[in-house]
Every structure is written in C-alpha cells, then in structure tokens.
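Student:
Number of protein chains: 2
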Amino acid sequence: MEIKSAAASLTALGHEGRLVVYRRLVRAGPAGLAAGVLAREVGLAPNTLSASLKVLVHAGLVTSRRDGRSVVYAAAFDHMATLIAYLVENCCLEAIALPSCIVAEGMS
Amino acid sequence: MEIKSAAASLTALGHEGRLVVYRRLVRAGPAGLAAGVLAREVGLAPNTLSASLKVLVHAGLVTSRRDGRSVVYAAAFDHMATLIAYLVENCCLEAIALPSCIVAEGMS
DNA sequence: TCCATGATTCAAAGATACATGAAATATCGA
DNA sequence: TCGATATTTCATGTATCTTTGAATCATGGA
Chain A
8 MEIKSAAASL TALGHEGRLV VYRRLVRAGP AGLAAGVLAR EVGLAPNTLS ASLKVLVHAG
68 LVTSRRDGRS VVYAAAFDHM ATLIAYLVEN CCLEAIALPS CIVAEGMS
Chain B
8 MEIKSAAASL TALGHEGRLV VYRRLVRAGP AGLAAGVLAR EVGLAPNTLS ASLKVLVHAG
68 LVTSRRDGRS VVYAAAFDHM ATLIAYLVEN CCLEAIALPS CIVAEGMS
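Chains as they are written, first to last, in our numbering: chain A, 8 to 115; chain B, 8 to 115.
Take a look at the structure:
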C-alpha cells in the first residue's frame, strides 16, 4: 500500500460518524447493509450518510452494489487488512516478523 | 480505546505530511529526533512541522521532551499498538482471536 | 405510464484545517 | 546580560470539510 492510499484510508476513518458507519458495516459482515437501513441504525440523514459512504468507498474501505431499489454497502475487509499491514510494517517497532500473523490469519 | 480517541489518532495520521513525520519518528526509534533535524529531513518549515507535531502529540501518537535547546519528539509506540488493536477488534472480521498475537508480540 | 420508494446529487452556509511570514519564547555560551 | 540557536505561537489568507434542504435520478409495482 502506498502512503497516499494509506493517508486517504486513515482520513476516511478519522471522522467519528464515518467510523461508526464503517464499524456497523463490519458487524454486518460480507452481506452488507442497504443504505436506508444503515441510515436508520446509525441515526443519520440519508444524504449525510450518502456523503460519508462516498468518502469510504473512494478510499477503498467500502464497496457498493445495487440490489433492486436499494444500494447495499459492505466493508472491504481485504482493504482493511492491507491498511493494518501498512501500519504494522511502517509505524511499529521491530515489525518485520509480524505481518504474516495478521495478514494470513487475520481478515478477508 | 474509545472511538473518539481512535478517530483523533486516525485523523492525525490521515494527512500525508504528518504520516511522513510519524514514519520518520518510528524509524528513529524510542530515542526520537529533535524538531530541527526532523524539519530538515522531511523538508518542512519549522513552524509547519511544529503544527503537525502538535496534532500528533495531541492525539497521543507522539511524545516530546526538551533536551537543552532542542525539543526531542518520539513515536509513542504503545499508543500505536493500542490503535492497531482497536482496528483489529472493531474493524475486522472474526478478529476475536487475533489481538493477542498483535498486542503481545507486536510493538511496545 | 404513473406513482411510491430508495438513494444520490446539488447548492449554500458555516466550521475547520492548512501553510506561512513575522513575532515571541526558551536555552545555552560568551 | 547579550547574542545566537532552537522552537513555538500568532495572525492571516486560503482551501477543504461537513451538514442540510431541495431537487434529481433509479427502480419496481400497479
């Protein structure tokens, strides 16, 4: 992962509202959640949530697909795994031996 | 780690300039680096760097101590370990079994 | 086709963040 | 104390972010 992508991902998550949204999507698992359901659950206006999701999708942390009238959003677990690996490799002490532990057994 | 602290840390790192600064401090290890040296190495004006360091310190990611005429900054490795643990616990799939691997062997 | 539902886009306003020159503060040595 | 070095603070202008109401777009059913 390049530094620009890492910074974009960190910025996207560095907003309490978006972090709440992302965490809710993580709990929803790969099946994801429709935008409307998500809006009700996290207590955001539909347009506000749409803006937050746009940032998360643009950063690569979330994917979307249309399902009938709904648009279903899901956490991109592989992207988060890559981000965590970046932090471990670049932002930790003596981290050379760790990534395999995280990436291999971790998430995705 | 609380969500507010996590968001603040992610925001602090979600800025390419600050991420570069933080990575340089990580490479410097626990001994840290003086502000002036850091400014020269990352190519930032002293006052600009000072502002970036202020954000990182406020987020808890970096510590500072005065050493003579210099102020030495160092990465707070334990804080980063906590942040990574937060991401693994809250933002990953089936992460229940993982944190010990990271926190125990990881960094700090 | 027409309507209802689900979601996004647009525009505008207010709030924050960013970088920078100039000034101020802190420390040390002469 | 005086000057030099190291760093921070302040003030400023600019840019970006965030939210929200209103309008628009997309889909499916009658």
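Here a beta-carbon is modelled for each residue, glycine too, at the ideal position from N, C-alpha and C.
1) Looking at C-beta atoms only, is the number of pairs between the segment 72 to 92 of chain A and the segment 30 to 48 of chain A that lie closer than 8 Å three or more?
2) Just confirm the distance between the C-beta atoms of residue 24 of chain B and residue 51 of chain B, as a whole number of angstroms; I'd bet it's less than 8 Å.
3) Taking the alpha-carbon positions, what's the residue 35 of chain B to residue 67 of chain B distance?
4) So that I know if they touch, is there some Cβ in chain A lying closer than 8 Å to that of residue 48 of chain B?
5) So that I know if they touch, is there some Cβ in chain B lying closer than 8 Å to that of residue 9 of chain A?
6) For the segment 56 to 76 of chain A, list every residue whose C-beta sits within 7 Å of some C-beta in chain B, in sequence order.
7) Return the residue from the list B:59, B:26 and B:16 that minimises the CA-CA distance to residue 26 of chain A.
8) Using a C-beta cutoff of 8 Å, does residue 51 of chain B count as contacting chain A?
9) Tell whether a beta-carbon distance below 8 Å holds between residue 98 of chain A and residue 30 of chain B.
10) With DSSP as the reference, label residue 107 of chain A as helix, strand or coil.
11) Where does residue 65 of chain B land, buried or exposed, given buried means 16+ other C-beta within 10 angstroms?
12) Give the DSSP bridge partners of residue 80 of chain B, in chain order.
13) Am I right that residue 91 of chain A and residue 94 of chain B are in contact with their C-beta atoms under 8 Å? What's the rounded C-beta distance?
14) Shorter than 8 Å from the beta carbon of residue 14 of chain A to some beta carbon of chain B?
15) For my contact list, residue 69 of chain B and residue 88 of chain B are in at a C-beta cut-off of 8 Å; report their separation, rounded to the angstrom.
16) Rounded to a whole number of angstroms, what is the C-alpha to C-alpha distance between residue 14 of chain A and residue 86 of chain A?
17) Which bits of chain A does residue 33 of chain B rub up against, with CB to CB less than 8 Å?
18) Could you pull out every residue in the same chain whose Cβ sits closer than 6 Å to the Cβ of residue 72 of chain A, ignoring the five residues on either side in sequence?
19) With a threshold of 16 other CB atoms inside 10 Å of the CB of residue 46 of chain B, please say whether the residue is buried or exposed.
Tutor: Result, derived from the coordinates:
1) yes
2) 7 Å between Cβ atoms; contact.
3) Their Cα atoms are separated by approximately 17 Å.
4) Chain A contact via Cβ: absent.
5) Taking a beta-carbon distance threshold of 8 Å, residue 9 of chain A does not count as an interface residue toward chain B.
6) none
7) B:16
8) no
9) yes
10) At residue 107 of chain A, the pLDDT of 46 sits below 50, so the modelled position is not reliable; the number obtained from the coordinates is stated separately. Helix.
11) When all chains shown are included, residue 65 of chain B counts as exposed.
12) Residue 80 of chain B is bridged by DSSP to B:40 and B:71.
13) Going by Cβ atoms, the distance from residue 91 of chain A to residue 94 of chain B rounds to 6 Å, so yes, they are a contact pair.
14) yes
15) In fact, because the Cβ distance is near 14 Å, the residues do not count as touching under 8 Å.
16) Looking at the backbone, the Cα of residue 14 of chain A and that of residue 86 of chain A are separated by about 13 Å.
17) The contacting residues are 97, 98, 99 and 100.
18) 79
19) buried
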